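Q: Count along the sequence shown from 1, then add 58; that gives the number in our numbering. Glycine included, every Cβ here is placed at the ideal spot set by N, Cα and C. All values reported here derive from a predicted model rather than from experimental measurement. Dropping a structure here in structure tokens format, bear with me for questions.
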Amino acid sequence: MPTAPSSKLAFHGTLASVQPRITLHRSFDQRHHSYLGYVLAIEGEIDGVQRTFTVAIGKAAQAKHGLQVGDTIKGATVPVRNPRTERAEFYKASGLQVLAKCEQADLTPPPWHGQPPELQVYRERGHRRLAAKTYDSKCSTCKWGCSMPVDITLDQWNPTKAKYRVETFCYGPLSCPSYAPGPTRKVLGRNGMSWEEEDSVDEEATSHRGPDD
Ligand code: SF4
């Protein structure tokens, strides 16, 4: 009996970045995070097409393979169902194999290209907002950079009313010369009200770290 064709898309390629997969949930001046795993940017081939693409993996897969920029991998994956809540194009990766580990010594940072830490480390470090332009030009391959999908609950009494957007953050050393915060961010609430996230929020989130931590 013929086997059903797999609905998964085969991919292979070399890692251009490994960053945390973290979602930010906002409700006016309240926020919390979901620490989901990692996002791989891969220069290679997926479903027979050569291009750069992104695949989300879980923390167990990262712990097993210790992936970092420069590793060559292969596997299979599926398109994400809801692109508003994911930064990766694909997820549910399976059959992940490392074909070659990166042999090149880490470049002089920034950006930082070694193995990213466990998700708990990101949680403990806290983040600062990072200008979207700076993320795109200097930080998209850094293990301390994160492009987060954000869901905003507009009315806490009616959680079905939500908005979605993307925000970029830095978990890296406070002294990083590439860092630029960009404009403060505003969060919409009920009846057209809005709350501005001042610099003091970032200062509080990272005040336990020294300049080079
Ligand atoms: S600003 Fe942050 S994300 Fe960008 S290179 Fe520096 S440490 Fe990495």
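Distance, Cα to Cα, ALA118 vs ASN249?
A: On the sequence shown, residue 118 is found 60 positions in, with the first residue counted as 1. On the sequence shown, residue 249 is found 191 positions in, with the first residue counted as 1. Each residue's Cα considered, the two are about 43 Å apart.
Q: From the DSSP output, in three-state form, read off GLU256 for me.
A: By one-based count along the sequence shown, residue 256 stands at place 198. GLU256 falls in the coil class under three-state DSSP.
Q: CB of LYS122 to nearest heavy atom of the ligand SF4: below 7 Å?
A: Counted from its first residue, the sequence shown places residue 122 at position 64. No.
Q: Given 8 Å as the limit, is there contact between the stretch 91–111 and the stretch 138–148, that is, 3 or more CB pairs closer than that?
A: yes
Q: With a threshold of 7 Å (Cβ to nearest heavy atom), would TRP253 be considered close to the ligand SF4?
A: On the sequence shown, position 195 is the one that residue 253 refers to. For TRP253, the CB stays at least 7 Å from every heavy atom of the ligand SF4.
Q: When the distance is taken between beta carbons, is THR81 closer than 8 Å to ALA99?
A: On the sequence shown, residue 99 is found 41 positions in, with the first residue counted as 1. On the sequence shown, residue 81 is found 23 positions in, with the first residue counted as 1. Cβ distance not < 8 Å, so ALA99 and THR81 don't count as in contact.
Q: State the Cα-Cα distance for the pair LEU125 and LYS191, rounded to the nearest angstrom.
A: Here residue 125 corresponds to residue number 67 of the sequence shown, with the count starting at 1. Here residue 191 corresponds to residue number 133 of the sequence shown, with the count starting at 1. Taking the straight line joining both Cα atoms gives about 26 Å.
Q: Does any heavy atom of the ligand SF4 sit closer than 7 Å to the C-beta of GLY203?
A: Taking the first residue of the sequence shown as 1, we reach residue 203 at position 145. Flag set: Cβ of GLY203 near the ligand SF4.
Q: Expressed to the nearest angstrom, what Euclidean distance is found between the alpha-carbon atoms of THR211 and SER205?
A: Along the sequence shown, one-based indexing puts residue 211 at 153. Along the sequence shown, one-based indexing puts residue 205 at 147. Computed Cα separation, rounded: 19 Å.
Q: I need the DSSP call for CYS197, collapsed to helix, strand or coil.
A: Within the sequence shown, numbered from 1, the residue matching residue 197 stands at position 139. The answer is helix: DSSP assigns CYS197 an H, G or I state.
Q: Closest to ARG267 by C-alpha separation, out of GLN88, LEU177 and LEU232, would be which residue?
A: For the purposes of this step, residue 267 is taken as the residue at position 209 of the sequence shown. Nearest Cα to ARG267 within the set GLN88, LEU177 and LEU232: LEU232.
Q: Quick check on the DSSP output: what are the complete beta strand (DSSP E) runs of length 3 or more inside the stretch 124–182, in order along the chain?
A: 130–137 and 148–158
Q: Taking LYS66 as the reference, which of GLY116, PRO141 and ALA134 has the closest Cα?
A: Counting from one through the sequence shown, the residue named residue 66 turns up at place 8. Across the set GLY116, PRO141 and ALA134, the C-alpha of ALA134 shows the shortest separation from the C-alpha of LYS66.
Q: Between TRP170 and the rest of its own chain, which residues show a CB-CB distance below 8 Å, the 5 nearest in sequence each way excluded?
A: The residue given as residue 170 occupies position 112 in the sequence shown. Around TRP170: ASP164, CYS200, LYS201, TRP202 and GLY230.
Q: Since PRO235 contacts PRO168 with CB under 8 Å, what's their CB separation in whole angstroms?
A: As a first step, residue 235 is located in the sequence shown; it is residue number 177 there, counting from the start. As a first step, residue 168 is located in the sequence shown; it is residue number 110 there, counting from the start. PRO235 to PRO168, Cβ: 7 Å. Contact.
Q: Please work out which residues of its chain come closer than 6 Å, Cβ to Cβ, to ASP209, disregarding the five sequence neighbours upstream and downstream, and give them in chain order.
A: Position 151 of the sequence shown holds residue 209. Answer for ASP209: HIS83, ALA220 and TYR222, listed in chain order.
Q: DSSP on ARG267, reduced to helix/strand/coil?
A: Within the sequence shown, the letter at position 209 stands for residue 267. Three-state DSSP puts ARG267 in coil, outside helix and strand.
Q: Per DSSP, what kind of secondary structure is ALA220 in: helix, strand or coil?
A: For this step, residue 220 is matched to residue 162 along the sequence shown. Three-state DSSP puts ALA220 in a strand.
Q: Would DSSP call GLN120 helix, strand or coil?
A: For this step, residue 120 is matched to residue 62 along the sequence shown. In the structure shown, GLN120 sits in a helix (DSSP, three-state: H, G or I).
Q: Smallest Cα separation from GLN178: which of TYR93, SER75, THR130 and ASP87?
A: The residue given as residue 178 occupies position 120 in the sequence shown. Out of TYR93, SER75, THR130 and ASP87, TYR93 has the C-alpha closest to the C-alpha of GLN178.
Q: Can you give the beta carbon distance from VAL76 to VAL127, rounded, assuming they're within the 8 Å contact cut?
A: Reading the sequence shown from its first residue, position 18 is the one you call residue 76. Reading the sequence shown from its first residue, position 69 is the one you call residue 127. Yes, they are in contact, since the Cβ atoms of VAL76 and VAL127 sit about 6 Å apart, within 8 Å.
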